[in-house]
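Taken in sequence, the protein lines are chains A and B.
With the working numbering as the guide, the letters of the first sequence map in order to residues 20 to 108.
With the working numbering as the guide, the letters of the second sequence map in order to residues 196 to 581.
Ideal placement from N, C-alpha and C gives every residue a C-beta, glycine not left out.
In this text the structure is predicted, and so the values were computed from the model without any measurement.
The structure appears right after this line, and notes come after that.
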Amino acid sequence: MAASSRDQVLRLYRALLRESQRFSSYNYRTYAIRRIRDAFRENKNIADSEKIEELLNKAKANLEVIQRQGTIDHMYATEKLIIERPGNT
Amino acid sequence: MLLWRRLAALRGERTPRRLRAGGPGPGPGPGRKSDGGGAPRPLYMDVQATTPLDPRVLDSMLPYLTAYYGNPHSRTHAYGWESEAAMEKARQQVADLIGADSREIIFTSGATESNNMAIKGVARFYKSRKKHIITTQTEHKCVLDSCRSLETEGFHITYLPVKKSGLIDLKELEAAFQPDTSLVSVMTVNNEIGVKQPIHDIGEICRAHKVFFHTDAAQAIGKIPMDVNNMKIDLMSISGHKIYGPKGVGALYVRRRPRVRLEPLQSGGGQERGLRSGTVPTPLAVGLGAACEVAQQEMEYDHKRISQLAERLVTKIMSEVPDVVMNGDQEHRYPVLAHQLLWSLPMFCGQLEQMKTWLTHLLDLALVVSLQKKKWIIQCRSAYST
């Protein structure tokens, strides 16, 4: 039970980060990645399975938001910001 | 070519030609090339003026811009019902952010309309007995202008001065009360220099004098915890586009107990408790609600992050740039509104070009630099963006 839950969490985490990379807007991309990392880090020690399930559902909902918004952001992409030099995020 | 540049500089044009050269003019569009198509966009640092839409907010708005397009005031069919349900949900989300009841929230077109409604509405309703209003000299233009227009209607207004720190003097406020004062209007966080007024104390004073307290909380909402009951606020203006929500929508909190009466500015079909007639724009209201909900959830995390960034910005500039003065109170400010740090740098005219190059190179930011006599006043508006 714990193992599959752990796998689920990791899969979601990777999926969230992967989808966030697709944002073409610097702002959205860096915020999403940072927020996802910090949120998972903050909740990593939670043991209550109900709470874990609630958080996982929230993560799944957010994943869908990021997928949709990533596509829209890509459709309406514009020039890169001046600070997005090659090598930066 | 050189003559053109000189003429452009004299005219005060600030957008360099190189930025206009890329792509078919300003404005987005699917036809526009993204990678390497044009000149890079400047870094946005004017977050005090407006904020980008949070993706979560846009996501919540889109269904109401495409599929669920019913008028929320259509009582007789499903399109109306679903639209109304969304509007009421948004109302509850806004209310939750400020500790109010959802029946106390009125959707408006923005904080300017909310301010106008609050000030003119309260003043005119009670004009038979009460003809005095107290406000401050550092309020937003819409508040000051509303007061000015009330003066032509026969009201008298006290404009309280602020101390050097930007805060008002509570003793002066106490002294300004008159038997016919109907309203006190003080903004929570200043949009120019970021100082936070002592709203708790002002609320107490107003309650003691039985005078309504209005606050323009456009810059404070979603960034610092606001509770209309703790702070004894009777009217509060909320702006959508300052909290990562859509432009063109705002809200006005109007206390029900004890009831605050307003004379409506906008006449019509009696929507929004008769105080603001007109179809409520469901997608915008939904966006405002979502923005408030996101703000509430993220407030603590964002506050921590922005405090770190603001600390770094202020410390580096104060320590490494010579002869800098920071305007506004050091303690009673909202750290994020290191958004709006105004510094004064004494400069000699001869070193103008050198200083400009140095700063642009060092900070690599989009600064608005203007020359006033022999000083550069650098308006550096730092961004919320990561």
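By a beta-carbon distance limit of 8 Å, Val381 of chain B contacts Ile397 of chain B. Their separation comes to about 6 Å.
Judged by beta-carbon spacing, Tyr47 of chain A lies beyond the 8 Å limit of Glu103 of chain A, meaning their Cβ atoms are not closer than that value. Under the three-state reduction of DSSP output, Val379 of chain B falls in the strand class. Secondary structure note for Tyr354 of chain B: it is in no alpha helix (DSSP H), and the uninterrupted beta strand (DSSP E) holding it is 351–355.
Judged by DSSP secondary structure, Ala446 of chain B falls outside any alpha helix (DSSP H) and instead within the beta strand (DSSP E) spanning 445–449.
When DSSP reads this structure, His327 of chain B sits in a beta bridge with B:His351, B:Thr376. Counting only the Cα atoms, Gln288 of chain B lies some 15 Å from Ser432 of chain B. Per DSSP, reduced to three states, the secondary structure at Thr477 of chain B is helical. Put simply, the CB of Arg87 of chain A is near chain B, with a gap under 8 Å to one of its CB atoms. The alpha carbon of Asp364 of chain B has as its nearest neighbour, out of B:Ile329, B:Pro459, B:Asp296, B:Ala490, the alpha carbon of B:Ile329.
Residue pairing by DSSP places His409 of chain B opposite B:Ser380, B:Leu430 in a beta bridge.
Put simply, of B:Thr474, B:Ser297, B:Ala290, B:Met312 the residue whose alpha carbon is nearest the alpha carbon of Gly463 of chain B is B:Thr474.
Think of a sphere of 9 Å around the beta carbon of Glu38 of chain A: no beta carbon from chain B falls inside it, the nearest being about 11 Å out. Rounded to whole angstroms, the separation of the alpha carbons of Arg33 of chain A and Lys63 of chain A is 15 Å.
Residues of the same chain with a CB within less than 6 Å of the CB of Met256 of chain B, apart from the 5 flanking positions on each side, are Pro478, Val481, Gly482 in chain order. At a beta-carbon threshold of 7 Å, the residues of chain B lying near Leu100 of chain A are Pro235, Arg236, Leu238, ordered along the chain. Ranked by Cα distance from Ala285 of chain B, the options B:Gly435, B:Gln461, B:His351 are led by B:Gly435.
For Val28 of chain A, the closest Cβ of chain B is not nearer than 8 Å.
The C-alpha of Met426 of chain B is placed about 11 Å away from the C-alpha of Thr383 of chain B. Taking a beta-carbon distance threshold of 8 Å, Thr90 of chain A does not count as an interface residue toward chain B.
Taking a cut-off of 8 Å on C-beta distances, the segment 334–348 of chain B does not touch the segment 366–373 of chain B, as fewer than three cross pairs fall below it.
Within the segment 40–54 of chain A, the residues whose Cβ lies closer than 7 Å to any Cβ of chain B are, in chain order, Ser43, Asn46, Tyr47, Thr49, Tyr50, Arg53. Using beta-carbon distances, Asp429 of chain B does not count as an interface residue toward chain A, since no partner is under 8 Å.
Identification of chain A residues near Asp254 of chain B by a Cβ-Cβ cut-off of 8 Å yields Val84, Arg87, Gln88, ordered along the chain. Taking every protein chain shown into account, the CB of Asp518 of chain B has fewer than 16 other CB atoms within 10 angstroms, so this residue is exposed. It is roughly 12 Å from the alpha-carbon of Ser514 of chain B to the alpha-carbon of Glu506 of chain B. Taking C-alpha positions only, Cys337 of chain B is separated from Ile293 of chain B by approximately 22 Å.
Under DSSP, the beta-bridge partners assigned to Lys391 of chain B are B:Val384. Arg452 of chain B has a beta carbon lying at 8 Å or more from every beta carbon in chain A. Pro247 of chain B belongs to the set of residues whose beta carbon lies under 8 Å from a beta carbon in chain A. As DSSP reads the structure, Ile363 of chain B sits in a beta bridge with B:Val357.
The distance from the Cβ of Lys437 of chain B to that of Ala413 of chain B is about 5 Å, consistent with a contact at the 8 Å cut-off. Excluding the 5 residues flanking it on each side, Gly465 of chain B has same chain C-beta neighbours closer than 8 Å at Ser472, in chain order.
Sequence-distant partners of Ser43 of chain A (beyond 5 residues in either direction) whose C-beta falls short of 7 Å from its own C-beta, in its chain, are Asp92, His93, Ala96. Assigned with DSSP and collapsed to three states, Phe59 of chain A falls in helix.
Going by DSSP, Thr303 of chain B is part of no alpha helix (DSSP H) but of the beta strand (DSSP E) stretching over 300–303.
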